[in-house]
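Protein chains in written order, with my numbering: chain S, 1 to 370; chain Y, 371 to 622.
Glycine included, every Cβ here is placed at the ideal spot set by N, Cα and C.
The block underneath contains the structure these notes are about, expressed in C-alpha cells.
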C-alpha cells in the first residue's frame, strides 16, 4: 500500500505541476461540451427556398406566405422559370425549389386536383429528408385549410387527428439529447489518452527502466498509474454534469450516484484500453495514433450522432464491442428517463465483463522486462 | 580483495542472448567479487548494455547460468532487484520533480520508511554538497550534477551491487573525477560496482576489466596485467588492438 501511495504522490505532483496540461484537462472539455452541445444538432433552420410562382393567384401567394412565415425557411429568391430555379440549385445558392404550376387556383376552385413540384438538393441525404418533411408538413397544412375553406363542414372527410407527445424530451431539444452523450465522449477522451500517454512517456524518457529495476510489483505500478486518471475523469464527469445542469438546464431524472457508480466501471474499460495502447507502442506518437483510431470508430458508431438502429446488422453486432455505445445508452437512460439500476443492469454487467477482460489483457501484456 | 567462491556476487556461465539471428552475447563467462570495481568495456554494439540489462533483470537471457547476489536470474528476479542499483545510459530521473521528490519517490518504491527516506536524503544532499538545491526542479540542474544525483538515487536502498551504464557520458572532466570518487567511496564500503565505459583512463581506475568484442569477452584481467600481456603502454592501446579485430565495432 505504501508503495502505491508513493507512486500516486509522484503522479499527482507531475499532473499538478504541469502548467500547460492541467488547464487543458479541465478547461478544454468544458469548451468542447459548450461548443458541441450547440453545434451537434440535426435541426435544420433557415433552409433557403427558391420559388417559381407560375400561377400568381391569391392561393399561390397564401401558400408562399406559409413558407415565409415558417422559421425553417427563408425565401432565397423568386424565379420566373423552372430552369432558372434549377440553375440556382446547381450553383448551390438555394437548397430547395418550389414550383407552383399555372392554373393551380383555377383547378382548386373546380375541385380538381392540383399539384406543386418540390426539388431538394439531396447531397446531404438526412438533411434533405428533413427539409422535405418540413416542406410537406407546410403543404399538407395548407391542403387541409383549403378543404375546410371550400366545402360545407360536413363535406370535409373526417381525418384522423394525430397528436404527438414527445416523452423524455418534450420540447425535442437536441441539447437534451446530445449533452449526456457528449459527457461520455469527454471522459472517454480524458481516460484513454492521458493514461496511455502517461506510461508511454515514461518509456520514451527512459524513466521506466529505472522503475523496472526496482522490486515494485506489476499491480502496484498499474494501480499507481491508473488511479490518478480514474479520479481525474470522475471529477471531470462531475464538473460536466454540473455544467449540463446549470448552463443547459439538462434534467437529471435518475440517480447521480448510480451514474457515477457505472461511470467508475466504464472508466476501467477506457483506462484499460489506454493501457493496452501503451503496451503495444514505444512512442507517444504511436500510442496517440492507436488510441485515436479506436476512439473515432467508437464514437462514430456509438449512437451519439446517428441512431444505432439504422446501422446494418453487422455493424450493430460490432457495436456490442463498443464501450462508448453502452455508456452513452446508460447515461441517456439515467439522465433523461430516470432509469434505475434494474433497467440498466444488463448494460452494466456487459461493462463489468468488458472491464475485467480488457484490464487482464493489458496487465498481462505489460512486461517489466522489455 | 579475495577472489573466492564465498564472496562472489555475480556468477555468469555460458550466457547467450540472441535477437533473432543476431548474437548479442556469445557464451560469456565471468565472475565478479564483493567490493570490486569491475569495468565492462567494449566498442558500441559489442553487447555490453545487453549483458548488463540481463544481469539487472531488464531482459531475459536466451541461455546460460547467471546468478546475481546469490540469486538466479530466471527464478528470483525480485530478490535480485532488492539487492541491486542501476543507473542507465539515458538519464532517468524525473525532470519535472525536485531533487528531494525524486529521492522520495525512489526511496518509497524501494520500501524505505518515511524517516529513512528523510535521513538518507539529507545525508546524500550533504555529501553531494547540494543541500541548497533540494527543492530545485531537476530540469534546471546541470548534467554533471544530475548524473551524480542519479548515482545517489541508484544507491538509495543501499544495494550490494550497483550497475552503472556509461555513467560519465557527456560529463566534464572535473565532474567525471568527482563521480569516480563517489564510486571509490561506495566500493570502500563493500558495494560492488559494475561499470561500463568508453573512457580508457577510467578503465585504469577499475580493479579488473573485461573487454567485449562482437558479443564475446576477449580479455579479462586487471589493467596492469592486460597491459603487460599485450605489451602496451596504455589501456587505450590494449583496447584498440582488441577492438580492431571486431567486425561490428568501429562503424557504429
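- Between residue 185 of chain S and residue 299 of chain S, the C-beta gap is smaller than 8 Å, which places the two residues in contact.
- Residue environment: residue 306 of chain S is assigned as exposed (fewer than 16 neighbouring CB atoms within 10 Å of its CB, all protein chains considered).
- Close to chain S, meaning a Cβ-Cβ distance shorter than 7 Å, is no residue of the segment 382-403 of chain Y at all.
- The segment 477-494 of chain Y and the segment 198-218 of chain S touch, with no fewer than 3 CB-CB distances between them shorter than 8 Å.
- Residue contact with chain Y for residue 213 of chain S: present (Cβ-Cβ distance below 8 Å to some residue of chain Y).
- The Cβ of residue 578 of chain Y sits no closer than 8 Å to any Cβ of chain S.
- Under the Cβ distance rule, residue 10 of chain S counts among the residues neighbouring chain Y, one pair being separated by less than 8 Å.
- Residue 195 of chain S places its beta carbon less than 8 Å from that of residue 275 of chain S.
- Taking the beta carbon of residue 168 of chain S as reference, no residue of chain Y falls within 8 Å; the closest one sits roughly 47 Å away.
- Of all residues in the segment 559-585 of chain Y, none places a beta-carbon less than 7 Å from a beta-carbon of chain S.
- In this structure, residue 405 of chain Y and residue 557 of chain Y form a Cβ contact; the two beta carbons are roughly 6 Å apart against a cut-off of 8 Å.
- The continuous stretches of alpha helix (DSSP H) do not include residue 591 of chain Y, which lies in the beta strand (DSSP E) extending over residues 586-591.
- In terms of Cβ geometry, residue 470 of chain Y and residue 485 of chain Y do not form a close pair [threshold 8 Å].
- At least one beta carbon of chain S lies nearer than 8 Å to the beta carbon of residue 456 of chain Y.
- Judged by DSSP in its simplified three-state form, residue 430 of chain Y adopts coil rather than helix or strand.
- Along the segment 429-448 of chain Y, going in chain order, the ones with a CB nearer than 7 Å to a CB of chain S are 429, 430 and 448.
- Under the three-state reduction of DSSP output, residue 616 of chain Y falls in the coil class, being neither helix nor strand.
- With its beta carbon less than 8 Å from one in chain S, residue 467 of chain Y belongs to the interface.
- Residue 207 of chain S reaches chain Y at 462, 463 and 464, counting residues in chain order whose Cβ is nearer than 8 Å.
- Its chain contains 104, 105, 108 and 146 as the residues whose beta carbon lies nearer than 8 Å to that of residue 59 of chain S, once the 5 sequence neighbours on both sides are disregarded; these appear in chain order.
- Per DSSP, residue 120 of chain S lies in no alpha helix (DSSP H) segment; the continuous beta strand (DSSP E) that holds it begins and ends at 116-120.
- About 5 Å separates the CB atoms of residue 270 of chain S and residue 192 of chain S; that is less than 8 Å, so the two are in contact.
- None of the residues of the segment 124-135 of chain S has a beta carbon lying less than 8 Å from any beta carbon of chain Y.
- Using a Cβ-Cβ cut-off of 8 Å, residue 3 of chain S is close to 478, 479 and 481 of chain Y, given in chain order.
- Within chain Y, no residue has its beta carbon less than 7 Å from that of residue 26 of chain S; the closest one is some 19 Å off.
- Residue 408 of chain Y carries a strand assignment under DSSP once its states are collapsed to helix, strand and coil.
- Residue 536 of chain Y is outside the set of residues whose beta carbon lies under 8 Å from a beta carbon in chain S.
- Under a criterion of Cβ atoms nearer than 7 Å, the residues of chain Y adjacent to residue 13 of chain S are, in order, 467 and 471.
- Per DSSP, residue 324 of chain S is one residue of the alpha helix (DSSP H) stretching across 323-332.
- Per the C-alpha coordinates, the member of Y:418, Y:421 and Y:439 positioned closest to residue 377 of chain Y is Y:439.
- Within chain Y, the residues placing a beta-carbon under 7 Å from that of residue 216 of chain S are 479, ordered along the chain.
- According to DSSP, residue pairing for residue 73 of chain S in a beta bridge involves S:47.
- Contact annotation: residue 98 of chain S and residue 49 of chain S have beta-carbon atoms nearer than 8 Å.
- For residue 360 of chain S, there is no enclosing beta strand (DSSP E); the residue is part of the alpha helix (DSSP H) that begins and ends at 341-365.
- Collapsing the DSSP output to three states places residue 417 of chain Y in coil.
- In the DSSP annotation of this structure, the continuous segment of the beta strand (DSSP E) that includes residue 96 of chain S starts and ends at 96-100.
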